[in-house]
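Asker: All letters in the sequence shown, in the order written, are residues 1 to 286 by UniProt numbering.
Ideal Cβ placement from N, Cα and C applies to all residues, glycine included.
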Amino acid sequence: MTSTPMPAPGGTEPVAAAAEAPGDEGLQKGPLVTPPPATATGVPMIAIDGISKWYGSFQVLTNCTTQVEKGEVVVVCGPSGSGKSTLIKCVNALEPFQTGQITVDGTKVKDKGTNLPKLRSRVGMVFQHFELFPHLSIIANLTLAQRKVLGRGADDAGKRGRDLLARVGLSAHADKFPGQLSGGQQQRVAIARALAMNPVVMLFDEPTSALDPEMVGEVLDVMVELARDGMTMMVVTHEMGFARKVADRVIFMDKGEIVEDAKKDDFFGKPRSERAQHFLSKILQH
Ligand SMILES: Nc1ncnc2c1ncn2[C@@H]1O[C@H](COP(=O)(O)OP(=O)(O)OP(=O)(O)O)[C@@H](O)[C@H]1O
Ligand SMILES: [Mg+2]
Numbered sequence: 001m002t003s004t005p006m007p008a009p010g011g012t013e014p015v016a017a018a019a020e021a022p023g024d025e026g027l028q029k030g031p032l033v034t035p036p037p038a039t040a041t042g043v044p045m046i047a048i049d050g051i052s053k054w055y056g057s058f059q060v061l062t063n064c065t066t067q068v069e070k071g072e073v074v075v076v077c078g079p080s081g082s083g084k085s086t087l088i089k090c091v092n093a094l095e096p097f098q099t100g101q102i103t104v105d106g107t108k109v110k111d112k113g114t115n116l117p118k119l120r121s122r123v124g125m126v127f128q129h130f131e132l133f134p135h136l137s138i139i140a141n142l143t144l145a146q147r148k149v150l151g152r153g154a155d156d157a158g159k160r161g162r163d164l165l166a167r168v169g170l171s172a173h174a175d176k177f178p179g180q181l182s183g184g185q186q187q188r189v190a191i192a193r194a195l196a197m198n199p200v201v202m203l204f205d206e207p208t209s210a211l212d213p214e215m216v217g218e219v220l221d222v223m224v225e226l227a228r229d230g231m232t233m234m235v236v237t238h239e240m241g242f243a244r245k246v247a248d249r250v251i252f253m254d255k256g257e258i259v260e261d262a263k264k265d266d267f268f269g270k271p272r273s274e275r276a277q278h279f280l281s282k283i284l285q286h
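As structure tokens, this is what we get:
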């Protein structure tokens with residue numbers, strides 16, 4: 001429904017049997033990544049300040065304001081069409097917004113002087129449909145942006161790519177193509193690819209909703225590790241088990257507005273708005 005920065009993996013159906021393929025070593029112990037130190041001190045890692053956005057005459061976001069501190073994990077939920085994807089895409093300038101400002105690690109997103117490719121390299125993003133390059137091997141997917149955007153040499157980029165692939169349990173698949181991996185494996189590659197850029201924050205847009213149920217856990221495990229390593233994360237998801245486990249805060253959106261922005265325990269314990277209560281009662285039934 002909205003634009004994406006990479007081509008879709010057209011025609012690369014996951015290989016059903018690949019989940020049990022030899023060489024899927026599972027997660028390795030140890031930190032997945034050490035987030036680089038913030039360049040700005042004393043300010044939130046992400047500050048979203050009075051964002052409004054329109055598509056033509058349709059207002060998709062209305063005066064959205066929130067902050068994400070360094071190391072915080074914020075889950076964003078809400079009904080379909082409420083603006084969740086649009087909001088997080090504004091954070092790395094994949095979607096423009098008309099009013100308000102977003103600041104990421106001290107850098108203003110909407111500012112003529114901001115180098116957007118550099119900003120995007122510091123904001124990792126993982127999409128529902130992986131968005132791997134289907135014609136490139138897994139290791140080439142992991143090294144391309146490191147080389148093109150960060151100017152790393154082939155050896156450095158390859159080493160970091162292979163290291164991260166090992167951390168997500170997929171070393172044996174480096175020379176395969178995305179279509180030869182299961183959906184869960186492809187999503188772990190997509191996460192490793194984002195991490196290869198040494199992001200200061202990671203944004204996830206329903207990273208498990210396109211997966212077969214048996215593959216959801218392996219992707220959530222990687223995300224839980226990442227949260228425990230101290231990564232700053234905004235995660236659009238309806239996986240309330242994940243939210244209960246690792247979220248610091250939950251944001252509930254409806255009709256383009258942040259209706260609720262609460263500490264996890266408050267959100268699950270006593271959501272204040274009727275809309276949030278209704279939403280929770282519907283998704284928690286299943
Ligand atoms: N490029 C676009 N042009 C016009 N309208 C759009 C565009 N992208 C999204 N919208 C509309 O904006 C609203 C919010 O969309 P968005 O994708 O952010 O919602 P969402 O909360 O992520 O929904 P979902 O849970 O279905 O992913 C929807 O009404 C959608 O139809
Ligand atoms: Mg969405």
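Taking C-beta to C-beta, are residue 310 and Thr143 nearer than 8 Å?
Answerer: As shown, the chain starts at 1 and ends at 286. That puts residue 310 outside it, with no answer to give.
Asker: Quick check: is the beta carbon of Asn92 nearer than 8 Å to any beta carbon in chain B?
Answerer: Absent from the structure is chain B; it holds one protein chain and no more.
Asker: Buried or exposed: which applies to Lys148, given that a residue is buried once 16 or more other Cβ atoms fall within 10 Å of its Cβ?
Answerer: Residue 148 sits at position 148 when you count from the first residue of the sequence shown. Looking at its Cβ environment, which holds fewer than 16 other Cβ atoms inside 10 Å, Lys148 is exposed.
Asker: Considering only the alpha carbon of each residue, which of Ser137, Lys53, Met125 lies closest to residue 306?
Answerer: Since the displayed the chain opens at 1 and closes at 286, residue 306 lies outside it and no answer follows.
Asker: In terms of alpha-carbon separation, which member of Asn198, Arg275, Leu94 lies closest to Arg152?
Answerer: For this step, residue 152 is matched to residue 152 along the sequence shown. When each option's Cα is compared against that of Arg152, the closest is Asn198.
Asker: Do residue 287 and Val189 have their C-beta atoms within less than 8 Å of each other?
Answerer: Only positions 1 to 286 of the chain appear in this structure, which leaves residue 287 out of reach.
Asker: Within its chain, find whatever has a CB closer than 8 Å to the CB of Leu119; leave out the 5 residues flanking it on each side and keep chain order.
Answerer: Looking up residue 119 in the sequence shown gives position 119. Here the set comprises Asn92, Ala93, Val104, Thr107, Val109.
Asker: Would you report the Cα separation of Val76 and Val250, rounded to the nearest angstrom?
Answerer: To locate residue 76, count along the sequence shown from 1; it is residue 76. To locate residue 250, count along the sequence shown from 1; it is residue 250. Their Cα atoms are separated by approximately 6 Å.
Asker: Just tell me which of Phe268, Ala262, Ser281 has its CA closest to the CA of Thr65.
Answerer: Position 65 of the sequence shown, counted from the start, is the residue given in the question as residue 65. Of the listed residues, the one whose Cα sits closest to Thr65 is Ala262.
Asker: Would you decide whether Pro22 is buried or exposed? Buried here means 16 or more other CB atoms lie within 10 Å of its CB.
Answerer: Looking up residue 22 in the sequence shown gives position 22. Low per-residue confidence applies at Pro22: pLDDT is 49, beneath 50, and the placement is therefore not dependable, though the value from the model is reported in the following sentence. Pro22 is exposed by the Cβ-count criterion.
Asker: Can Asp155 be considered in contact with ligand 2, in the sense that its beta carbon sits closer than 7 Å to one or more heavy atoms?
Answerer: By 1-based counting over the sequence shown, the position of residue 155 is 155. No - ligand 2 has no heavy atom lying nearer than 7 Å to the Cβ of Asp155.
Asker: Mind listing, in chain order, the continuous alpha helix (DSSP H) runs of no fewer than 4 residues lying wholly within the segment 171-202?
Answerer: Listed in chain order, the complete alpha helix (DSSP H) runs (minimum 4 residues) inside the segment 171-202 are 183-195.
Asker: What I want to know is whether the C-beta of Val60 ends up closer than 7 Å to one or more non-hydrogen atoms of ligand 1.
Answerer: Stepping through the sequence shown from its first residue, residue 60 is reached at position 60. The answer is yes for Val60.
Asker: Specify, as a first and last residue, the run of the beta strand (DSSP E) that Leu61 falls within.
Answerer: By 1-based counting over the sequence shown, the position of residue 61 is 61. Counting along the chain, the beta strand (DSSP E) containing Leu61 begins and ends at 58-68.
Asker: Could you check what DSSP says for Ser85 in three-state terms: helix, strand or coil?
Answerer: Residue numbering aside, residue 85 sits at position 85 when the sequence shown is read from its first letter. Residue state, collapsed to three classes: helix.
Asker: Once the 5 residues before and after Ser137 are set aside, which same chain residues still bring their CB inside 8 Å of it?
Answerer: To locate residue 137, count along the sequence shown from 1; it is residue 137. Result list for Ser137: Ala174, Asp175, Lys176, Phe177, in chain order.
Asker: Rounded to whole angstroms, what is the Cα-Cα separation between Gly124 and Met253?
Answerer: Locating residue 124 in the sequence shown gives position 124, counting from the first residue. Locating residue 253 in the sequence shown gives position 253, counting from the first residue. If I take the Cα positions, the gap works out to 22 Å.
Asker: Is Gly100 near ligand 4, with its Cβ less than 7 Å from a heavy atom?
Answerer: By its list of ligands, the structure shown excludes ligand 4, since it contains just ligand 1 and ligand 2.
Asker: With a Cβ-Cβ cutoff of 8 Å, do Val73 and Met233 count as a contact?
Answerer: Against the sequence shown, residue 73 aligns to sequence position 73. Against the sequence shown, residue 233 aligns to sequence position 233. For Val73 and Met233, yes; Cβs fall inside 8 Å.
Asker: Residues with a Cβ closer than 7 Å to any heavy atom of ligand 2, in chain order?
Answerer: That query returns the following residues: Lys84, Ser85, Asp205, Glu206, Val236.
Asker: Between Ser209 and the rest of its own chain, which residues show a CB-CB distance below 8 Å, the 5 nearest in sequence each way excluded?
Answerer: Against the sequence shown, residue 209 aligns to sequence position 209. So the list reads Gln128, Thr237, His238, once near-sequence residues are dropped.
Asker: Roughly how many angstroms separate the alpha carbons of Gly81 and Leu61, rounded to a whole number?
Answerer: Taking the first residue of the sequence shown as 1, we reach residue 81 at position 81. Taking the first residue of the sequence shown as 1, we reach residue 61 at position 61. Gly81 and Leu61: Cα-Cα distance of roughly 11 Å.
Asker: Report the option in Lys255, Val126, Leu280, Pro79 whose CA atom is closest to the CA atom of Pro207.
Answerer: Here residue 207 is taken as the residue at index 207 of the sequence shown, counted from 1. When each option's Cα is compared against that of Pro207, the closest is Val126.
Asker: Closest to Gly56 by C-alpha separation, out of Lys89, Gly71, Gln98, would be which residue?
Answerer: As a first step, residue 56 must be located in the sequence shown, where it is residue number 56. Out of Lys89, Gly71, Gln98, Gln98 has the C-alpha closest to the C-alpha of Gly56.
Asker: Pick out whichever of Leu87, His135, Met45 has its Cα sitting closest to the Cα of Glu257.
Answerer: As a first step, residue 257 must be located in the sequence shown, where it is residue number 257. Glu257 has its Cα closest to that of Leu87, out of Leu87, His135, Met45.
Asker: DSSP state of Lys270, grouped into three classes?
Answerer: The residue given as residue 270 occupies position 270 in the sequence shown. Coil, per DSSP.
Asker: Taking 7 Å as the limit between beta carbons, can you name the residues of its chain near Ile283, skipping five residues before and five after?
Answerer: By 1-based counting over the sequence shown, the position of residue 283 is 283. Result list for Ile283: His238, Met240, in chain order.
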